[in-house]
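Comments concern the structure below.
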Amino acid sequence: MDEEVKPDDENVNYVLAQESKELFHILAKQPPSVIMQLYRMMPGTAGGQNQPSSPGPPVLKDCIEAMLEYFKMASAAECCSFLQSVCLMCENIPMHLDSRLMSVAGRVITDRAPPPGTEAVSLRNTDVCGENSGPDVTDHVPSSPLSDQHPVKRPRLDHWEQYITAATSLLQRRWKRLTERLVKEVQLENVWVSLRTANRGRDRPDQTPGSADRGSRTPEPDGDFGCLESRLTLETFLQGCAGKVTALVGQAGSGKTLLMSCLGQQWANGLGPVPSSYLFVLLEFRQLNLLSRPLSLSELLFQHYLPPKGGDNAKRAIVDYLLSNPEQSCWVLDGYDEFHGKLSRQEMTGPLDPKTPMPVAELISALLNRRILPGSTVLVTCRPRDAVDLGGVSDKVGQLLGWDQYDIKEYVDNFFGVKDPSAHRDLGAWAADLLLSSRHLLAMSSIPALCNICCICLEHLLVEGTDAERPKTDGGGRAQRQEPGGERGRPESVVTKGENGRAPLASTQVPTTITQVYLTMLGAFVSRDSSQGGSGARPQASIPPQSSVTTLDTLSQYGSELCELSRLAWRGLEESKILFVEEDIPPDVLKFSLRAGFFSQVEVRRLDGAVVNAYCFIHLTVQEFLAALIIMTTNDVSDAHLKKRFSLKTRWTTRTDQKTVFTDSLYLYVCGLASSHCTSALVQLSKAFGGVKGIKSWVQQRQALVLKLLKTLCNSNNLTGPKILQLCHSVQESQDQQLARQVVGARPTLELRNIWLSPSDIDALAFVVNSAGDIGVTLDFGACSMELDCLDVLSRCQHVHCLSFHSRKYGDKFAEKLSSVLPEFPTLRKLEFCGASVTATGAASLASGLENCPNITEINLTDNNLKDEGVQHIAEIFNKLPRLVSVKLGRNNTSLNAVDSLIEKMPSCLNIQDVHADGMKEVTVTFSQNSDVKSHKLKPKPTISLLNQNWCKSEMQKLAKTLARCPALSVLDLSGGQWDEDTLRTLTQFVPKFNVSEQITVNNSCSSVESVVVLTTLLSDRTPASELHIRLQSPVQVSIVFPGETGKPATEIPKKLSLSCCKLLPADMERVWKSLGTSSGLTVLDLSSNCLGNKGLKKLLEVLTHFRNLQEINASNNNINMEGVVMLASALCSHNNLTQIHISNGGKDELILRFSSEKSTSEKVQKTFRINNSSLLPSDITTVCRRLVKCRSQLELELSHSSFKDKTIENLLTVLPKMLSLQKLDVSHSITSATDALTLVRCLTDNKQVTSVELSPQSESFITFDEVKAEQVSCRLTHFCLNGDDVERLIEILQRGPRLSDLDLSSNHLGDEGVKRLVDSLPRLKISSYVNLSDNRLTQQGLLSVASTLCTCANVCGVEASSLGEEKRSLIWFSQNGGGEKTLSVRESSLQPEHVVRLAEITSSCHTLAKLELKNNLLQSEWIENFVKLLNSTRRGCTISIEESWITAEEAVHLVHRCLSHSSNIQTIRVHQTTLNLSLKPTEPTSARGDNPDLAQSMATEKIGLVDCALDGYHLASLRSIIQSCPSLTELDLSNNNLGEEGAEFLCSILPSLPNLTSLSIGAKEPVAAVVESFTQACVQSANIQDLNLSGHKFGDAATQSLTTLFPRLRSLNLSHCVWTRTGGLQLAQALGRCVSLEDLCLDCVHLHEEGRPCLLEALRNMTSIRRLKLNKITTEMGQPGQSSVLDLLAALEGLGHIEEIELDGWRMADAGVEQLTGLLPVWKELKKISLSKNLISDHSGEKLLIALKSCSRLEELHLSSNLLGDLTAASMALVLPSLTRLSVLDISDNRIGDSGSRSLSRAIMYMKNLKKIHLTSVGTSELCAVAASLAHCPLVNDVSLSWNNCGDEVAQELSRVLPFCLKLTRIDLECNSVSVLGAEALVRALRSCPALQLIRLWKNKVSQSDALRLMSSDRRLNFAST
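Each residue of the sequence shown is one higher than the one before, starting from 19 at the first, in our numbering.
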């Protein structure tokens, strides 16, 4: 790029010369004073001596010309100064000119000679191409260079000159053809171009934010071609282009091709910037698209541009000369946007051989990358979006600017012949008025080609259809210019005038969208063909005045031609084709298109070099619009294809984007055609096109599809700013208000960043915003370029709540314009104008505009240059804006005066809520919404924050006086100022005059002890301050707190003084007390982190009596030693109101004294003396404790987190018996060794008041005491490493001590030996509850030692042991009185055969063992068989449970067979899933049976079960013999398996051999109809079956018939989840009526047919002996049973007087059903269980139900979950449940109980002594503390659920207090609550005393994953998982 136009190195004189013409017009409009001031800038010889005395207009023009001429030639510095003054002093300078002048004038440059070519030169008379410019061939070519060459080169030169001559002729002919019918003359000096930045090598993708980015956040724009820098003519732009690559970009239709032809014509005439000696090569990319084979440079030049004369010799001569002199060639490559290929940037690896054929794209890329013809001049044209491909190769980039209104008006006048005196001017004037008033037509007309189309449309709209002469047009749609003397126009009678001489065209007739403009264009073009006599066979109808859409009748006449033309357009879009040859177009369509003006004709060369005619649409948008017509009127494009292709296009492009030739307007027109306004036109066009059947319906469906696709995009939240704009345009075209509302509904903030916005863009935004209705929209323009005209359009937005302009130097002019439109935003709430270079002038303008915005709430003017004056302008409007909330004025180059002016507004503007200033960086004023003087006291008082301001004494006085005049303040913050004592004293003197209610803050404003003394006076009884906080250590903090309006005098206000980190010495205390005075109200005194020492502490203790209301003193970190600690111990005993002393780390970390405010005696006060994190010597303990012996109040002594030296514990044990008032000794984390722990345990024998000892090195350790001798003591010694001697010593201590309630020795590494010693001593120890030996590294041998206590210790009632599991539990449970049944549980212990043998011995030896559980011990089948064989046959009633994962399917069957074979006294054997359960029955001693079948009669087995253990029918074969050997078998259960046919056959074969079998259960897992028939046949064969379970089966009619024969003898029948036919259901219902002996009936989830319902009702009435009835979730043909069905079923239950259990879940019986049920309950005296879940029971009905249940005194289980119960029902529970003394299960989950109901429920629970299970999941309240506390009264409770209630830590903490009282509790469910780590830790602490508790669920609580892992490592019983 040449230096004269390079933005970073422009010559200032050159710029002035370029812009002097425009500057002259601007200066001529300035005031005379400004002109004369600029004139005086010239030196005396040039300006001072010639200064006019009385300047008039002619004189001023002379002065301006003189100035401009002088500074053109002046030094660079002078010229810069002049231009800067012009920019600062002159008004109405266009943005582009102001930017350029300030840019070039802002740099300091030295005076230098102007570079070549800096003079302003006309293209028409001078050649200027920079330093490489060649001479003109006619005028300036010296003869010597050519005449002096060798004669051999002369022929080559001749051929070269001949070729140039031929090219000249070619270009002249081309220009003549193009300009025959032009409306407006082309002049390069009148074409304007903007320079653009060409940042090479960058490639920026169109970033689309993710879903996390809300709204329409727009990324930064591409640096390539993203900035329009300056404005100049095309003539000037092309200067200096020689030898460089220049890119000229412009919109489609902007005239690039015409301008390049004009440039060629000027070259041909010896004019323009390209020397005539150069070869001018003009290539069109659309021509290059036809070249499919590789070409060399010569082939491209001679075959496809201009063949030379002279044959091959001429070609070689021309090419040789071209290669030798590449700088003498100019290559114009027109229309890169139409090129199918893509140019690439090639690395410079050397030149290419131009004679080598290569693809066209590579050939052109090589030319641009200077690898071919380096030094040649290259000019490329393209559209802006394709310029990114040229970013790496172009030296200069310019963009053609669109026409302004002047250019458009000129074109319209020329088109309509307004300037022709013989023409009728009215038509043109009307057309111009309409065009300039229509925003769509005006926006289109900025592009020349579209301006022509608009004129044709206007002509069509304004003129009635007559035979009057119309302006003739060429094939390109341009109106012909009349020859001299010819007439243009129509007779006056053609046009009927309206008022004021304007056309009477109604506003509704003007197209309202671009799509409608093109529809009008369609009619206009067709009408022109009609008026020209086209299609002679077609009838000529008289054309009425045109409508706003189109003349449909006329279009219908040309339906076939339009259809074919539209299909051609669509095919072109699909194939990226815009150039069509005659073969592509039907002849009649071609003729029609040329007559009507749809086509332009061009010449192209084929591959063989022949020139042929080709055709293209007059504009790409016309082709796209016709293609849109095909989409919307025919089914050529399927719905699927349309969905796939429909998308929004971005304005940002990258080199990786797919290249397209079109303007991306297709789907814009599709959206426009989807408008209901276009439906009739589309329907008629579709008819004319011969479209689909049901035309109107199809068109409407296609329109609906488009709107649906558009709706999807409207709701998308990941669109970039450019796509948002495109979406707004599309929605505007559709004219769909609902879609527009969805756009803003999905993104209330329309955020646009770094986008060049045009008025049409703003208009599209306005359409969307105005459709928002009540939805407030935010328009955020960040660094967006826009002219002032955009603001006029923006003012149409009626629903804008927030308007933001920022990050661009908009300036005062923009602000002035904005202020004029602000009142037109009726809903505007917030205005941001930040970083916009606004001064006080702009602030005044904005203030004047904002005055008329009564709804404005927020104003942000930060980052400008308002200064103090501008801030005052804004402050003046505060009172005029009643709804103002905040104003931000920071970073505006202001001083303290600006802040003062804001504070001074507070008395007059009572709604100011806060004035905040941080230096001058942040200045914010906030307002309250109520400015009524009478009510302002009700609102929060205002605050003032003046941070980081440095005042001297006088300035402080001024500020203080201003603050004293302020109304009542809540907070005054003056932090950040470094003041001396005088300034601080001045402030303290004024503080009593301030009206501050809450706080004054002066952080970082003082640093000396003297300052502390000065400030302390503020807390005396004379001032209203209640708190004073001072901290002098960095960060320095000082705050003065006021009590507000308490109504109390200053002497009665509680006061707090904090003087921490103030470097106070003992001597300073006197000054502080003196400054403080007699502050009787002092309650809190903080003297921490000073230098008081023991002396200062002594002085402090001496003055305690002066402060009668003192509550707390903090003297931490004051260098106090043990002497001071002893003083404090004495003070605790001597001062009655001193209740707590906390000392940490010798007072360095903490030394707190707390006082009691109660006027009670010392005996009633609880006192605490705490020393932690300290090193305590024996003498220290003795001295402190001896002082504490004198304490007569109840005392807690804490010595936690400390280290005890030798004999410290001994001394402690010595003095403890003397401390009679001691309640608790806390030594947590102080006892770390086993020796110290055992020493401390001796207190059990030395002190009779000890109630519990709990010692652990890892958690809390304490000893509790009582005033009387304890009957039982709890001893917990955990997490120590105890050896054998330690165990012996402990046993000795325990034997001499009192009776123990429990002994916890878990986690002590005892090992087998230690545990053996302990269990051997158990008979000698007095223990009443349990011994916990968990986690002691036991092997299986140690485990057996624990288990043996069942035999060796009479009081042991149970043992739980696990040696390898996570819990490693070892618990020994004791009974109070001995005897009774015992239990043994061994889990996860990996037992071996010898261990199993030992277990069998223990089991046989313990005659009272009732239950043995072996779970997951890796037992093998043979070991289990041997265990069963070894069991003593005299065992009575022992139940054995063995669970192993392999016990399933065939293995389960084999195990049952072997167990039965080995033991004759097995009464019951059952496998459920993977668990073997068997019970023993004593039999007579016999010899070993083996497998002898002769002993079959001795089998005692009564029950066999294989349930849900993956059993298949063929597995049962091995059981045949053993079952047949069990004549006593009464029950056989094979449910939930896959028995199949084999199972059925097995049953049929064995049932006859089981005469005593009364119960058979074969519930199905997967029902098979064929199998159940075999089952029923087998059941029929067994005559004694009384209990039958066939649940889950699918019955056929035959099986049903067989089954019903069994019913009369059945006592129990389970048919839950069964399926049968309608006939079968009726049979079953009828047969149930014969079940007179039935006691147990289960019909859960069965389908009740209407025919069978009466039979079932009758059957229920007859079942008087029924005791257990389950009818859960029964359904009818209508789904859930209806209300009448429910009532009938309930009525049928009336006679069930013996009912014990009834389940009616899912009936949805509601209030009517409950009312009927309550009438039955008094009859059911034996009822034990009732379940009514999911029955829509209201709170009122629940209350009645509870009252009715009072008569059911035997009730044990009550299930009422998933109903609508509330507080009334809970209140009834409080009255009724205490009377139900047997109630053990209560489930009221998923109801609506409130807080009061929770309290009522807790009162009920307190009396439920037999409660075992309570479920309160999702009961509707989180206030369950009372419920948790009531569980302490339920000693048998084992299962509690409080999940999904949002309970907090208070519930968890309450549970932790209750747990020690619930010894049977095994499970707590707290999932999905709000328990934090605090509540979880409380539960962990409680678990230490709850060995029986197995699980606490805490999933989905407020505990982090790391905390959860930490807590689970502490106790595995906490579960944070979902399962």
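In this text, a Cβ means the ideal position worked out from N, Cα and C, and glycines have one as well.
Here the structure is a predicted model, which means the values were calculated and not measured.
Residue range of the beta strand (DSSP E) that includes residue i
| i | result |
| --- | --- |
| Asp404 | Per DSSP, Asp404 belongs to no beta strand (DSSP E) and is neither H nor E. |
| Tyr1348 | 1345 to 1350 |
| Ile1720 | 1719 to 1721 |
| Leu1213 | 1212 to 1216 |
| Gln1290 | 1290 to 1295 |
Own chain partners of residue i with C-beta closer than 7 Å, once the 5 adjacent residues on each side are dropped
| i | result |
| --- | --- |
| Arg1875 | none |
| Cys1843 | Glu1868, Val1869, Glu1872 |
| Phe1938 | Leu1916, Trp1917, Val1921, Ala1926, Met1930 |
| Val1446 | Cys1477, His1480, Ser1481 |
With 16 other Cβ atoms within 10 Å as the buried cut-off, status of residue i
| i | result |
| --- | --- |
| Ser187 | exposed |
| Ser1175 | exposed |
| Ser511 | With a pLDDT of only 31 at Ser511, under the threshold of 50, the placement of this residue in the model should not be trusted; the figure read from the coordinates follows. The residue is exposed, with fewer than 16 neighbouring Cβ atoms inside 10 Å. |
Residues of its chain near residue i, where Cβ-Cβ distance is below 6 Å and the 5 sequence neighbours each way are ignored
| i | result |
| --- | --- |
| Val52 | Met107 |
| Ala332 | His177, Pro326 |
| Gln1645 | Thr1618, Thr1622 |
N- and C-terminal bounds of the alpha helix (DSSP H) containing residue i
| i | result |
| --- | --- |
| Arg304 | 303 to 306 |
| Ser698 | 697 to 707 |
| Thr1101 | Premise fails: Thr1101 lies in the beta strand (DSSP E), 1100 to 1104, not in any alpha helix (DSSP H). |
For residue i: DSSP bridge partner residues
| i | result |
| --- | --- |
| Lys1429 | Thr1401, Thr1457 |
| His1665 | Thr1693 |
| His824 | Gly800, Cys852 |
| Asn470 | Answer is none; Asn470 lacks a bridge partner. |
| Arg58 | Answer is none; Arg58 lacks a bridge partner. |
| Asn1326 | DSSP output for Asn1326 lists no bridge partner at all. |
| Gly416 | Leu213, Leu266 |
| Met376 | Leu313 |
Beta carbon of residue i nearer than 8 Å to that of residue j
| i | j | result |
| --- | --- | --- |
| His1777 | Leu1750 | yes |
| Ser1892 | Cys1865 | yes |
| Glu1775 | Ser1802 | yes |
| Leu351 | Ile382 | yes |
| Lys726 | Leu757 | no |
8 Å CB neighbourhood of residue i in its chain, flanking five on each side removed
| i | result |
| --- | --- |
| Ser919 | Asp886, Val889, Gln890, Ala893 |
| Val629 | Glu621, Val622, Arg623 |
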